[in-house]
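**Student:**
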Amino acid sequence: MSETPSQLSRSWRVGIRCCTLTVMRPAGGLPFSSHVTWAPNAPKSLTTEEWAAYRRGRDLAVAGISKELGVLPLIVEV
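All letters in the sequence shown, in the order written, are residues 27 to 104 by the numbering used here.
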């Protein structure tokens, strides 16, 4: 018997770092959010190329997770 994982995640490279987007599996149509962790550490700043790599990886990760969950994503950058 297979169990549905409680969270979904996708990882991608940004320069020397690895970013991981994690989403807790939503319960019954409730709103949910995601978070990104950086390894080995969060950068203090990103170059233009790193920002492009981050956004490209983030957008692919969000698209994959959204498709798996059957939802439409909304990305808000602050």
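Even glycine gets a Cβ: it sits at the ideal position worked out from N, Cα and C. Only a predicted model underlies this, so the values are computations on that prediction, with no experimental measurement involved.
Count the other CB atoms within 10 Å of the CB of Val49; is the residue buried (16 or more) or exposed (fewer)?
**Tutor:** The residue given as residue 49 occupies position 23 in the sequence shown. With 16 or more other Cβ atoms within 10 Å, it is buried.
**Student:** Exposed or buried, which one is Ala87 when buried takes at least 16 other CB atoms within 10 Å?
**Tutor:** Residue mapping note: residue 87 aligns to position 61 of the sequence shown, counting from 1. Taking all protein chains shown into account, Ala87 has 16 or more neighbouring C-beta atoms within 10 Å of its C-beta and is therefore buried.
**Student:** Opposite Ala65 in the DSSP bridges: which residues?
**Tutor:** If you number the sequence shown from 1, residue 65 lands on position 39. According to DSSP, Ala65 bridges with Cys44.
**Student:** Here's a check: name, in chain order, each residue in its chain whose Cβ is nearer than 7 Å to the Cβ of Phe58, leaving out the five neighbours to either side.
**Tutor:** Taking the sequence shown and counting its residues from 1, one reaches residue 58 at position 32. Cβ neighbours of Phe58 beyond the five flanking positions: Val49, Met50 and Pro52.
**Student:** Give me, in chain order, the residues of the same chain whose beta-carbon lies closer than 6 Å to that of Ala65; leave out the 5 immediate sequence neighbours on both sides.
**Tutor:** Here residue 65 refers to the residue found at position 39 of the sequence shown. Cβ neighbours of Ala65 beyond the five flanking positions: Cys44.
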